[in-house]
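This report concerns only the one structure given below.
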Amino acid sequence: MDHLSVNHLLGIKYLNKKDIDIIFNTADNFKKIINQPIKKVPSLRDVTIANLFFENSTRTKLSFEIAEKRLSADIINFASAASSVKKGESLLDTVNNILAMKVDIVVMRHPNPGASIFLSRNINASIINAGDGTHEHPTQALLDAYSIRERFGQVASKKVVIIGDILHSRVALSNIFCLKMLGAKVAVCGPLTLIPKYLDDLGVSYFSDLKEALNWCDIANVLRIQLERQDVQLFPSLREYTNVYGINSTILESLTKEITIMHPGPINRGVELTSEVADSHHSLILDQVENGVAIRMAVLYLLSNKSNE
Ligand code: CP
């Protein structure tokens, strides 16, 4: 059996191309299984997984939970809002108390960049980063690239533009690392105030004009404006943002070719995307969600084998 080069999934930047190929090939097998009448396999029987969510989530949390149940793991769910974190308990104390209950894998979402790296250095369990602040969201990037591979047969040479709030987006950073590693051509588009200054170092080009970006790409991955991470106003208003960077069927119909639209969710309908586009044949959004389960099953399975070595 092929093995990952890492004991944790902390970010795409810690993986190599072979790791991603192994995850995709394993996900192919799990995708076949979860589309059969009997969806459950015993692969993670006797493995205990703690899902620690210190920040809100719908897709990632439910997708990990379903993946764990399909693999027959035992699960502990922890939501910080209803926990002793509210009484001042530290992250390390919280996790060490959970580990004393004999947990093998920790899946964690946290608002602070680097929180899962900190945990991996201080506790004896495999850590999966389910999104750490503005840093990385590796399983989202893996399921996005996997969905492109499924739709187009390959990721290499595809042109992907990521549109919107790149500055605050862990999805953008993980996608850039993942897509570049797989040989895609990557660009970003949005107001300059939402574009990070280190973009050149990542080998990514920039479009200020939405129509130019859409005419260049095969795939547009559209992001939400993360107002909750902006302590100063970085553009005049959401209405103006929508006028300049919102994607609607009028702009799609004016392009020289058909393109595919992706979005990691949650969508702010009518801001970055109209409902007409989000629910159209251009959209890969629900395929992304479906593929998230197979990708997370693959990551959990491969890391549980590493922790048994
Ligand atoms: N894409 C994503 O991370 O969505 P959630 O915040 O709902 O998990």
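Letter by letter, the sequence shown follows residues 1 to 309 of our numbering. For each residue, glycine too, the CB sits at the ideal point set by N, CA and C. Quick caveat: nothing in here was measured; it's all calculated off a predicted structure.
Exposure label - residue i; buried when at least 16 CB within 10 Å
i	result
Q140	buried
D361	Any question about residue 361 goes unanswered here, given that the chain covers just 1 to 309.
H137	buried
D377	For residue 377 there is no data in the structure shown, the boundaries of the chain being 1 and 309.
S120	buried
E68	buried
H8	buried
V244	exposed
S90	exposed
A156	exposed
Supposed close pair residue i, residue j - CB separation, criterion 8 Å
i	j	result
G164	L194	7 Å
V204	V186	5 Å
M101	L52	Incorrect: roughly 13 Å between the Cβ atoms, too far for contact.
F30	M297	4 Å
V6	D19	7 Å
Three-state secondary structure assigned by DSSP to residue i
i	result
E34	Before going further, note that residue 34 is Ile rather than Glu in the sequence given. I34 falls in the helix class under three-state DSSP.
D165	coil
I4	A quick correction: the sequence has Leu, not Ile, at residue 4. Three-state DSSP puts L4 in coil, outside helix and strand.
A184	coil
A298	helix
A278	helix
Y245	helix
D46	coil
V204	coil
R109	strand
F78	strand
S63	helix
T139	helix
F54	coil
K13	helix
T94	helix
S320	In the structure as shown, the chain begins at 1 and stops at 309. Residue 320 is therefore absent and cannot be evaluated.
The alpha helix (DSSP H) enclosing residue i, as first and last residue numbers
i	result
I117	A115 to N122
I128	Not the alpha helix (DSSP H): I128 falls in the beta strand (DSSP E), residues S126 to D132.
Range covered by the beta strand (DSSP E) that runs through residue i
i	result
N215	Unbroken run through N215 is the alpha helix (DSSP H), L210 to W216; no beta strand (DSSP E).
D104	Run containing D104: none; DSSP gives neither H nor E here.
N221	I219 to V222
T256	Looking at the DSSP string, T256 is not in any beta strand (DSSP E), and its letter there is neither H nor E.
Short CB-CB distance (under 8 Å) between residue i and chain B
i	result
K257	Checking the listed chains, one finds no chain B in this structure; it contains a single protein chain.
| said: Pairs of beta-carbons, one from the region 174-188 and one from the region 144-160, closer than 8 Å: are there three or more? | reply: yes
| query | So, do the region 208-215 and the region 245-260 have three or more beta carbon pairs nearer to each other than 8 Å? | reply | yes
| message | Taking contact to mean 3 or more Cβ pairs, one atom from each stretch, closer than 8 Å, check whether the region 268-284 and the region 80-88 are in contact. | response | no
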